[in-house]
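A short write-up of the structure that comes next.
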Amino acid sequence: MADLGLQVGIVVGYLLVALAVGLVAYRLTERSAEDYYLASRTIGTVVLLFTTFATLLSAFTFFGGPNLAFAAGPEWILVMGLMDGVIFGILWYVMGYKQWLIGREHGYVTVGEMLGDRFNSRSLRGLVAAISLFWLLQYVMLQQVGAGRALESLTEGAIPYWAGATLITVFMIGYVVLAGMRGVAWTDTLQGLFMLGLVWVAFAWVVLSAGGPGELTAAMGEANSEFLALGGGLYSPQYMLSMAIAIAFGVAMFPQINQRFFVARSQRVLKRTLALWPVLVILLFVPAFILGAWATGLGVVPNAEGNILPPLLNAYTPTWFAALVVAGAMAAMMSSSDSMLLSGSSYLTRDLYRPFVDPDASDRREDFVARLAVVAFALIALAMSLGTELTLIEIGATAFKGYAQLTPPVLVALYWPGATRAGMLAGIGLSQAFYLLATFTNVVSATYWGWQAGLVGMGIGLILTVGVSLVTTASQDADRSLFEGLNAD
Amino acid sequence: MGDARATWFWGAVALLLSSLAIPWFLWGSDAVVAGLPLWLWWHVGWMCLTAIVFYAFTRRAWGVGIEGGVSDG
Chain A
1 MADLGLQVGI VVGYLLVALA VGLVAYRLTE RSAEDYYLAS RTIGTVVLLF TTFATLLSAF
61 TFFGGPNLAF AAGPEWILVM GLMDGVIFGI LWYVMGYKQW LIGREHGYVT VGEMLGDRFN
121 SRSLRGLVAA ISLFWLLQYV MLQQVGAGRA LESLTEGAIP YWAGATLITV FMIGYVVLAG
181 MRGVAWTDTL QGLFMLGLVW VAFAWVVLSA GGPGELTAAM GEANSEFLAL GGGLYSPQYM
241 LSMAIAIAFG VAMFPQINQR FFVARSQRVL KRTLALWPVL VILLFVPAFI LGAWATGLGV
301 VPNAEGNILP PLLNAYTPTW FAALVVAGAM AAMMSSSDSM LLSGSSYLTR DLYRPFVDPD
361 ASDRREDFVA RLAVVAFALI ALAMSLGTEL TLIEIGATAF KGYAQLTPPV LVALYWPGAT
421 RAGMLAGIGL SQAFYLLATF TNVVSATYWG WQAGLVGMGI GLILTVGVSL VTTASQDADR
481 SLFEGLNAD
Chain B
1001 MGDARATWFW GAVALLLSSL AIPWFLWGSD AVVAGLPLWL WWHVGWMCLT AIVFYAFTRR
1061 AWGVGIEGGV SDG
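Each protein sequence line maps, in turn, to chains A and B. Per this note's numbering, the very first residue in the first sequence carries number 1; after that it's consecutive. Per this note's numbering, the very first residue in the second sequence carries number 1001; after that it's consecutive.
Printed below as a string of structure tokens:
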């Protein structure tokens, strides 16, 4: 049927555009690890903003977020705004600018490398990388699952799930191996602008066809009066704050985001990006999530995959447009995954391969191993994703909160000269253990008076890092001066 | 010392921005203004304010608490 051809055509079209961008980037890329991972630290404002944005938001904007607003009410907009617009903006400066200064001064590519050097500890470096890779693997896997399932339903089973997931993985591998950070950043920018445009057209279309925002909000209130009032149901203050704080702190340690802290061309780029952040968050999430919430009043039912936005668009916009949005969401998943693969491979090579396997590797060899690591990482994730039944949202949030456990010890290390190696290892290791036990077993409770284990674990990590540092002495070979006396000029 | 005072001031600003992004004082309110819940309008306005404050920070105080002197801790 015509719709099917159009949908597949749009996805294929996107892949080809991305491939073309990758090829251009490849021609501009030097054969060194610093250029491959960081585009030689030359990323500009718009590209930095959108690459962080597209990587971060991806499929959640189109699927997860609207689904949540549909099921529980539009308050998720507030959680998202506080999380990504305010708290992450503050961390952008507090963590990002400091890391940018340190990275530029000493040439770091990963946060593990930076910490390992500061505390002269190979174990710390390896631990941070191993924890990061553990959560990253799940996240990449879930993008593949999402893309495979979306492709399966898009083609009505003509492309089975396993073939869709494999196809997308193979494409991503080729692309990331070829293009590196520069290509990924460029496609993310196209992607971000595309998503932003689509969301607003979708919003306008539904509002115009359904009789205006007043009508839609009133219908939503009639269907479920709890949706209109702030709070209630799922949304307790503890829930909203736990989610917003833990996920915002997690975002800052997500490898592909944290690595962005090292890539800005100058501090002007970081400055401009900071001020644009809250505006962009509002522009994207208010229309996307309110559509999901409004759908409750319109009697629209989620499709077989549990997504609300595609059926809503099918009901109120032409089929070609609904197809475009679904294809855009799929493209978003791929765009997230390529950044993740790239940072995953840099953690593997810089923090595990180089320090533990081959300390004397040449730049060229490391560059080669990095590209090999992309392939290995993607294939492991693919193997895992072919056997899973998990839902995207739950594991997504779980991974973010896993990363959040790393953030308090890293902040302590960045700002407090008294931090010691033992303090860091205890803070990072034990908070992570606590969170893993709370998430995957019943040994540790998942909530404490409404506060989630993700947030409680962060507190534990902070207390342990500071406490253990106070009772231990810094080793002779740790070098706290690495993080001090930094200036932009 | 100027830098220490500025750090405290901007730290307080950051806390204020975070604490009112969700309008807790409208908890339970279902007032609708111009087709959207009032609490949503507050949030949109607050985020615009946040962007302005972030911009002012980058112009006037960038580097506070991070750049400069070696600490004596």
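Ideal placement from N, C-alpha and C gives every residue a C-beta, glycine not left out. Predicted model only: the values in this text are computed from it and were never measured.
Residue burial classification, residue i (beta-carbon count within 10 angstroms, cutoff 16)
i               : result
residue 258(A)  : buried
residue 1031(B) : exposed
residue 1009(B) : exposed
residue 443(A)  : exposed
residue 420(A)  : buried
residue 409(A)  : buried
residue 441(A)  : exposed
residue 418(A)  : exposed
residue 473(A)  : exposed
residue 262(A)  : buried
residue 105(A)  : exposed
residue 12(A)   : exposed
residue 134(A)  : exposed
residue 156(A)  : exposed
residue 1005(B) : exposed
residue 1015(B) : exposed
7 Å Cβ shell around residue i - same chain, five flanking residues per side excluded
i               : result
residue 293(A)  : 69, 70, 73, 74, 220 and 227
residue 1033(B) : 1041
residue 1073(B) : With a pLDDT of 31 at residue 1073(B), under the threshold of 50, the predicted position of this residue should be treated as unreliable, though the coordinate-derived value follows. Closer than 7 Å at the Cβ level, and outside the excluded window around residue 1073(B), lies no residue.
residue 200(A)  : 287
residue 304(A)  : 153
Rounded separation between residue i and residue j - CA only
i               : j               : result
residue 10(A)   : residue 309(A)  : 18 Å
residue 76(A)   : residue 144(A)  : 25 Å
residue 120(A)  : residue 486(A)  : 20 Å
residue 456(A)  : residue 212(A)  : 43 Å
residue 116(A)  : residue 1013(B) : 33 Å
residue 358(A)  : residue 352(A)  : 9 Å
residue 439(A)  : residue 446(A)  : 7 Å
residue 1039(B) : residue 84(A)   : 18 Å
residue 454(A)  : residue 405(A)  : 7 Å
residue 192(A)  : residue 223(A)  : 33 Å
residue 343(A)  : residue 1007(B) : 33 Å
residue 493(A)  : residue 274(A)  : Only positions 1 to 489 of chain A appear in this structure, which leaves residue 493(A) out of reach.
residue 302(A)  : residue 66(A)   : 11 Å
residue 267(A)  : residue 276(A)  : 15 Å
residue 468(A)  : residue 130(A)  : 22 Å
residue 244(A)  : residue 1059(B) : 27 Å
residue 167(A)  : residue 414(A)  : 41 Å
residue 324(A)  : residue 279(A)  : 25 Å
residue 520(A)  : residue 146(A)  : The structure shown has nothing for residue 520(A), since chain A only spans 1 to 489.
residue 1001(B) : residue 1064(B) : Because residue 1001(B) carries a pLDDT of 48, less than 50, the predicted location of this residue cannot be relied on, and the following value inherits that uncertainty. Each residue's Cα considered, the two are about 12 Å apart.
residue 346(A)  : residue 368(A)  : 11 Å
residue 86(A)   : residue 110(A)  : 25 Å
residue 1053(B) : residue 1067(B) : 20 Å
One or two residues paired with residue i in a DSSP bridge
i               : result
residue 237(A)  : BP columns for residue 237(A) are empty, so no partner.
residue 1037(B) : 1032(B)
residue 448(A)  : 451(A)
residue 232(A)  : 235(A)
Whole-number beta carbon distance between residue j and residue i, since they are thought to touch under 8 Å
i              : j              : result
residue 458(A) : residue 431(A) : 7 Å
residue 96(A)  : residue 356(A) : Not really, about 28 Å apart at Cβ, beyond 8 Å.
6 Å CB neighbourhood of residue i in its chain, flanking five on each side removed
i               : result
residue 123(A)  : none
residue 240(A)  : 79
residue 1070(B) : With a pLDDT of only 40 at residue 1070(B), under 50, the local geometry of the prediction cannot be trusted, and no value is derived from it.
residue 1(A)    : Caution is warranted here: a pLDDT of 47 is assigned to residue 1(A), below 50, making its placement in the model unreliable, and the coordinate value is therefore given only provisionally. No residues qualify anywhere along the chain.
residue 477(A)  : 120
residue 407(A)  : 249, 252 and 253
residue 242(A)  : 451, 452 and 455
Beta-carbon proximity list for residue i, same chain, < 8 Å, skipping 5 on both sides
i               : result
residue 152(A)  : 159, 160, 161 and 164
residue 209(A)  : 316 and 317
residue 341(A)  : 140, 172, 173, 176, 374, 377 and 378
residue 1061(B) : 1006 and 1010
residue 233(A)  : 72, 73 and 226
Residue i Cβ short of 7 Å to the ligand SAH heavy atom set
i              : result
residue 330(A) : This structure lacks the ligand SAH; in fact it carries no ligand of any kind.
C-beta neighbour in chain D for residue i, strict 8 Å
i               : result
residue 1054(B) : The structure shown contains no chain D; its protein chains are A and B.
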